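Peer 1:
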Amino acid sequence: MNTPNKLTILRMVLVPFFLAVVLFQTVRKNLQYNLQLFLDGKLYQTNSIKYNTPMNLPELVKDGYTFDGWYEGSEKVSELENYLFNITSPRTLTAKFVPNDPKQYMLSISADPPEGGSVGGNSGEITEGDDVTVVATA
Numbered sequence: 502m503n504t505p506n507k508l509t510i511l512r513m514v515l516v517p518f519f520l521a522v523v524l525f526q527t528v529r530k531n532l533q534y535n536l537q538l539f540l541d542g543k544l545y546q547t548n549s550i551k552y553n554t555p556m557n558l559p560e561l562v563k564d565g566y567t568f569d570g571w572y573e574g575s576e577k578v579s580e581l582e583n584y585l586f587n588i589t590s591p592r593t594l595t596a597k598f599v600p601n602d603p604k605q606y607m608l609s610i611s612a613d614p615p616e617g618g619s620v621g622g623n624s625g626e627i628t629e630g631d632d633v634t635v636v637a638t639a
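For the sequence shown, this note's numbering begins at 502 and goes up steadily by one.
#1: Note down the Cα distance separating Ser549 from Pro600, rounded to an integer number of angstroms.
#2: Between Leu536 and Asn557, is the Cβ-Cβ spacing less than 7 Å?
#3: Identify, in the order they occur along the chain, each residue of the same chain with its Cβ nearer than 7 Å to the Cβ of Leu540, setting aside the five sequence neighbours on each side.
#4: For Asn553 versus Asn587, is the C-beta distance shorter than 7 Å?
#5: Looking at the unbroken beta strand (DSSP E) that takes in Val620, where does it start and where does it end?
#6: Reducing DSSP to helix, strand and coil, say where Pro555 ends up.
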């Protein structure tokens, strides 16, 4: 009776392993993964993308806000607006923005000519977007 030598045993173990790896790689290359992009809590875009395809996310703009980053859950994955990555699994990304600091203005109110009446209301420093009331009395 022949006993298998070490080389034969090695072939018996490694050949099926390598065949399984090649098969797995072939199957994975044909997989499609979903990429979902959210903005303001709403689905902005969804795509089905082939495994390992490079993705360049769109540059999004929101008036009065500055782009903070792309997030996956609570983790910031990129600060770049046009984030580039290869898709290797399903992904759900959210574009987050932070409000710009509102502009401050100095408002002074006066009657011209002064003998024509009086004025009053919100004078002093005001913030962009604030309501201002001005009252003129003759």
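All C-beta atoms in this analysis are idealised placements derived from N, C-alpha and C, irrespective of residue type, glycine included. This structure is a prediction, so every number in the text was calculated from the model and none was measured.
Peer 2: Considering the structure as presented:
#1: When rounded, the separation of the alpha-carbon atoms in Ser549 and Pro600 is 32 Å.
#2: Cβ distance not < 7 Å, so Leu536 and Asn557 don't count as in contact.
#3: Answer for Leu540: Leu561 and Ala596, listed in chain order.
#4: Contact flag set, yes.
#5: Looking at the DSSP string, the run of the beta strand (DSSP E) that includes Val620 is Ser619 to Gly622.
#6: Strand at Pro555.
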